[in-house]
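Worksheet: the structure to be examined is printed underneath.
Numbering (my numbering), first residue to last: 187 to 494.
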């Protein structure tokens, strides 16, 4: 069964916390943009198509595309400068890759020092051809991170007008709360999907809901494994989701996005595609909710057992 998307499809918006950034409920992830084979003009068209769908938030990291994706996106903004005021730019820092683009990096490692955070932001601004980021995240927790130093760097960047809001990615509940006590954090971007439900059970989502902070979600479709994985658990899960999708006359992926967004912590999922049709399917997941029975049927299939 092929579901037909609504003609008036438009993504709603969400504030990730009180006085936090206002984002589109679906965020366009740019991790693989370097693999999409788009010209600068095609990138402009892609951004415009996203905006037309209401998807105005774009997720980057300094390291994406071997330190190249921000520059590709920035070429589009240079071609069409008026786009900048119609979108929200998110980026991350804190990982140093071994790369020909960074010959000084002898080993892959984390760096959450104030000097590196500030230098990374300044480089991202140059690459993106903009004067500010709407949201900056620490990419991964660093065993050597000093919460006070990170908070001071964030405060200095805000004072300089270079970054409006701050958050983290892949942090535990305790790590998030420790930094949040020093400076207000807008989100924690974590991996979550029906094939990776850990944040639902390790207090990550509970802690964020308690603080009324919405998480961002990377890999909501499990990196494509929901469509292609051949293990028995994924096969059964796929059949359950397909049955629900067919009964609701909704696309398979829309059901997955709806399942994620039904959580009370208000998750904000990322896409990872250059196909506007696939982004529209994600947006369609904002238009309906699942019955509790269907929601728990997906959870049961994902975990392989009933709730207690």
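Quick reminder that beta carbons are idealized off the backbone N, C-alpha and C, glycines included. Remember, it's a predicted structure, so these values are computed and weren't measured experimentally.
Sequence-distant residues of the same chain with beta carbon closer than 8 Å to residue i, five excluded per side
{"i": "residue 253", "result": "283, 285, 287 and 288"}
{"i": "residue 385", "result": "376, 377, 378, 391 and 401"}
{"i": "residue 341", "result": "369"}
{"i": "residue 300", "result": "335, 336, 338, 339 and 342"}
Limits of the unbroken alpha helix (DSSP H) element including residue i
{"i": "residue 428", "result": "418–434"}
{"i": "residue 252", "result": "250–253"}
{"i": "residue 481", "result": "478–489"}
{"i": "residue 357", "result": "Careful: residue 357 lies outside any alpha helix (DSSP H) and carries neither H nor E."}
{"i": "residue 440", "result": "438–447"}
{"i": "residue 234", "result": "226–238"}
{"i": "residue 387", "result": "384–387"}
{"i": "residue 270", "result": "It is not in any alpha helix (DSSP H) - residue 270 carries neither H nor E in the DSSP assignment."}
{"i": "residue 395", "result": "390–397"}
{"i": "residue 195", "result": "Note, residue 195: premise wrong, no alpha helix (DSSP H); not H, not E."}
{"i": "residue 345", "result": "333–345"}
{"i": "residue 464", "result": "462–470"}
From the options, residue whose alpha carbon lies closest to that of residue i
{"i": "residue 388", "options": "405, 339 and 360", "result": "360"}
{"i": "residue 481", "options": "417, 428 and 291", "result": "428"}
{"i": "residue 267", "options": "241, 226, 467 and 336", "result": "226"}
{"i": "residue 294", "options": "328, 455 and 426", "result": "328"}
{"i": "residue 400", "options": "433, 412 and 448", "result": "448"}
{"i": "residue 304", "options": "349, 261, 292 and 331", "result": "349"}
{"i": "residue 454", "options": "299, 446 and 339", "result": "446"}
{"i": "residue 334", "options": "412, 298 and 489", "result": "298"}
{"i": "residue 365", "options": "332, 459 and 344", "result": "332"}
{"i": "residue 330", "options": "234, 478, 413 and 296", "result": "296"}
{"i": "residue 321", "options": "275, 234 and 456", "result": "275"}
{"i": "residue 374", "options": "460, 474, 323 and 475", "result": "323"}
Same chain, Cβ closer than 7 Å to residue i, neighbours up to 5 away in sequence not counted
{"i": "residue 216", "result": "244, 245, 246, 250, 255 and 259"}
{"i": "residue 325", "result": "247, 278, 279, 280, 281 and 355"}
{"i": "residue 241", "result": "197, 210, 212, 214, 465 and 469"}
{"i": "residue 437", "result": "189, 431, 467 and 470"}
{"i": "residue 208", "result": "199 and 201"}
{"i": "residue 204", "result": "398"}
{"i": "residue 426", "result": "483, 484 and 487"}
{"i": "residue 535", "result": "With the chain running from 187 to 494 in the structure shown, residue 535 is simply not present."}
{"i": "residue 270", "result": "263 and 316"}
{"i": "residue 458", "result": "215, 217 and 218"}
Residue i - partner residues in DSSP beta bridges
{"i": "residue 282", "result": "295"}
{"i": "residue 214", "result": "244 and 457"}
{"i": "residue 402", "result": "375 and 454"}
{"i": "residue 277", "result": "322"}
{"i": "residue 209", "result": "200"}
{"i": "residue 288", "result": "285"}
{"i": "residue 349", "result": "319"}
Start-to-end residues for the beta strand (DSSP E) that takes in residue i
{"i": "residue 411", "result": "Note, residue 411: premise wrong, no beta strand (DSSP E); alpha helix (DSSP H) at 411–414."}
{"i": "residue 199", "result": "199–201"}
Contact set for residue i: own chain, Cβ-Cβ below 6 Å, skip 5 residues either direction
{"i": "residue 471", "result": "440, 443 and 444"}
{"i": "residue 408", "result": "379 and 381"}
{"i": "residue 435", "result": "189"}
{"i": "residue 393", "result": "359"}
{"i": "residue 310", "result": "248, 256 and 277"}
{"i": "residue 456", "result": "213, 215, 245 and 404"}
{"i": "residue 236", "result": "214"}
{"i": "residue 313", "result": "256, 257 and 260"}
inquiry  = Runs of 4 residues minimum, wholly inside the segment 294–326: which ones carry the alpha helix (DSSP H) assignment?
reply    = The qualifying runs are 300–314.
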